[in-house]
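Per mature numbering (1 follows the signal peptide of the UniProt record, and there is no 0), the sequence shown runs over residues -35 to -1, 1 to 370.
Quick reminder that beta carbons are idealized off the backbone N, C-alpha and C, glycines included.
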Amino acid sequence: MNPAGIRAPFSNPTTYVATALFAVGLVATAPQAYAQSAGSAASQAPTGLWLTTPYPEFSAQAGKNVSVPLNLANRGLPPQRVELGVDGLPDGWKWEIDGGGKPVAAAIAGSDGTVSLTLKLTPPSGDIGKSVNFAVSGKGSAEALKLPMVMTLAKTEPAKLTLEPKLPALRGTAKSAFDFQVDIKNDGQEDSTVNLLSKAPPGFQVTFKQGYGSQELTSLPLKAGESKTLSVGVQPPDNAQAGQYPVAVAASGGAASADTKLLLDITGRPSVSLSGPQGRLSGDATAGQERTFTFTLSNSGSAPARDVKLSASPPSGWKVTFNPEKVDEIAPGGTSDVGVSMTPSTQAIAGDYMVSVRANGDGASDNADFRVTVRTSTLWGVTGLGVIGASALMLAFAVTRYGRR
């Protein structure tokens, strides 16, 4: 079926009735063509000028602009110039016919050509539910065209908001960046300024950004029928324990509101620290003698620290051992003591030396530089004094026996 509109009558009136087109003027065939049989007329293509629309009856909101497509079609005639207008609109209505993106008052339809037009209407506010009958008119060189239309003024729907996360749940550690993409849409017929709100567990920080922008938002404008993508960033505290944490996100504008829930699945992460005896990173030792220091491994993370191995980088000639050499597991918030035995070189001279102690586990590590003050053995001191004393006695004996020369 052809869309509603008007054209000049063609050879067979029966075909005109079947197409449900309002016809006036422009007969391109000979008068005797009306006497042809229906079968003969069906074999001939229709000829004439039409002004049509696919939407002769429609609804629109009062006070809002509405656009309706129109077509001016020429079939089998020479190029036709048609003056365009709108008749029957009440006072206060505004109208405009556009062609090629600009207002036009007339259009030329070439032979077997179609011109696309747009009728733009702006009804005044009020008269909700009222139906308005009007017509788009076209005046050619010989005949007039008329396209009846009906527009019903509907109530304007207020803003209606929806929030839809693309991925409602994300997994990571307390150090991870949780970025949710959330679509916000205004399904109503009124523009709105939307306020963005959130409710998160204590210590969790929530920020809103538009798309992949860098500017943080607290609100954004949203036109009727418009949709935007929000980037909702959630940063958990560093000490967040492993578990699932819900975050509520809401949007409100006027009487409209929407909300959705996001979920953070925090898997936990160990955090190992290594400290010396009583929190000190220094001690004393004697050259050539073993000295044991008690080091403490602490796990301040949110997951167990497993397979923590200890190692050291001592000065040349030193010996360092651990008891135990590996700690199988340290629970979150727990500690474990390790005996670190250091034996300075027998050739070490008195002074300060640095020993680097390291702890490496599954996903966590730490190191500490331990300063060792080395003292020489008292045995060597006594031996030295003995040598000095013996030398003095020998010198005294020689002087007494042989005297002075």
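Query raised in the report: DSSP state of Ala74, grouped into three classes?
Result: strand
Query raised in the report: Hey, is the region 264 to 276 in contact with the region 222 to 235, meaning 3+ C-beta pairs nearer than 8 Å?
Result: yes
Query raised in the report: Rounded to the nearest angstrom, how far is the Cβ of Gly105 from that of Gln45, given a contact under 8 Å?
Result: About 5 Å separates the two Cβ atoms, so the contact holds.
Query raised in the report: Roughly how many angstroms separate the alpha carbons of Arg40 and Gln154, rounded to a whole number?
Result: Cα-Cα distance, rounded: 40 Å.
Query raised in the report: Going by C-alpha distance, which of Lys125, Trp60, Thr183 and Val69 is nearest Phe99?
Result: Trp60
Query raised in the report: First and last residue of the beta strand (DSSP E) that includes Phe169?
Result: Here Phe169 belongs to no beta strand (DSSP E), and DSSP marks it neither H nor E.
Requested in this report: Run the CB neighbour count on Asn204, radius 10 Å, all protein chains shown included, and call it buried at 16 or more, exposed below.
Outcome: exposed
Query raised in the report: Would residue 388 pass as a contact of Phe287 if the rule is Cβ separation under 9 Å?
Result: This structure cannot speak to residue 388, because the chain is shown only from -35 to 370.
Requested in this report: Assign Ala355 to buried or exposed, taking buried as 16 or more other Cβ atoms, counted over all protein chains shown, within 10 Å of its Cβ.
Outcome: exposed
Query raised in the report: Which of the three DSSP states, helix, strand or coil, is assigned to residue 417?
Result: The shown model of the chain, from -35 to 370, leaves out residue 417, and the question about it has no answer.
Query raised in the report: Rounded to a whole number of angstroms, what is the C-alpha to C-alpha distance between Gln1 and Gln9?
Result: Reliability of the predicted coordinates at Gln1 is poor, the pLDDT of 34 falling under 50, and no value is obtained from them.
Query raised in the report: Which same chain residues, not among the five before or five after Glu290, have their C-beta less than 8 Å away from its C-beta?
Result: Lys274 and Leu275
Requested in this report: Measure the Cβ-Cβ separation of Ser321 and Ser278 and say whether it is below 9 Å.
Outcome: yes
Query raised in the report: Does the beta carbon of Phe143 come closer than 9 Å to any beta carbon on chain B?
Result: Included in the structure is just one protein chain, with no chain B present.
Query raised in the report: Are the beta-carbon atoms belonging to Asp148 and Thr194 less than 9 Å from one another?
Result: yes
Query - Residue from Ala216, Gly28 and Gln209 with nearest C-alpha to Lys125 - result: Selected option, being the one with the closest Cα: Ala216.
**Report entry** Within 9 Å, strictly: CB atoms of Ala85 and Ile62
**Finding:** This sequence places Lys at residue 85; Ala is not what is there. Result yes, Cβ atoms of Lys85 and Ile62 sit closer than 9 Å.
Query raised in the report: In three-state terms, what does DSSP make of Ile314?
Result: coil
Query raised in the report: Under the three-state reduction of DSSP, which class applies to Ala329: helix, strand or coil?
Result: strand
**Report entry** Bounding residues of the beta strand (DSSP E) (the contiguous stretch that carries Gln200)
**Finding:** Ser192 to Gln200
Query raised in the report: With DSSP run on the structure shown, which of helix, strand or coil describes Thr365?
Result: helix
**Report entry** Same chain, Cβ closer than 7 Å to Thr261, neighbours up to 5 away in sequence not counted
**Finding:** Ser240, Thr300 and Asp302
Query raised in the report: For Pro202, which of Ala25, Ala142, Leu358 and Leu360 has the nearest alpha-carbon?
Result: Ala142
Query raised in the report: Helix, strand or coil: which one does DSSP assign to Gly244?
Result: helix
Query - Proximity to Gln26 [Cα-Cα], best of Thr17, Thr117, Trp58 and Ala74 - result: Looking only at Thr17, Thr117, Trp58 and Ala74, the smallest Cα-Cα distance to Gln26 is reached by Thr117.
Requested in this report: Would you mind sorting Ser306 into buried or exposed? The rule is 16 or more other CB atoms within 10 Å of its CB.
Outcome: Result: exposed.
**Report entry** Rounded Cβ spacing between Ala72 and Val47 (contact assumed at less than 8 Å)
**Finding:** Correct: roughly 6 Å between the Cβ atoms.
Query raised in the report: Closest to Ala296 by CA distance: which of Ser263, Lys284 and Asn332 is it?
Result: Ser263
Query raised in the report: Helix, strand or coil for Ala357 per DSSP?
Result: helix
Query - Where the beta strand (DSSP E) containing Arg46 begins and where it ends - result: Gln45 to Asp52
Query raised in the report: Thinking C-alpha only, which one of Ser222, Ala221 and Ala165 is nearest Val199?
Result: Ala165
Requested in this report: Please list, in chain order, all residues of the same chain as Ser24 whose beta carbon is under 6 Å from its beta carbon, the five residues on each side excluded.
Outcome: Thr117 and Ala119
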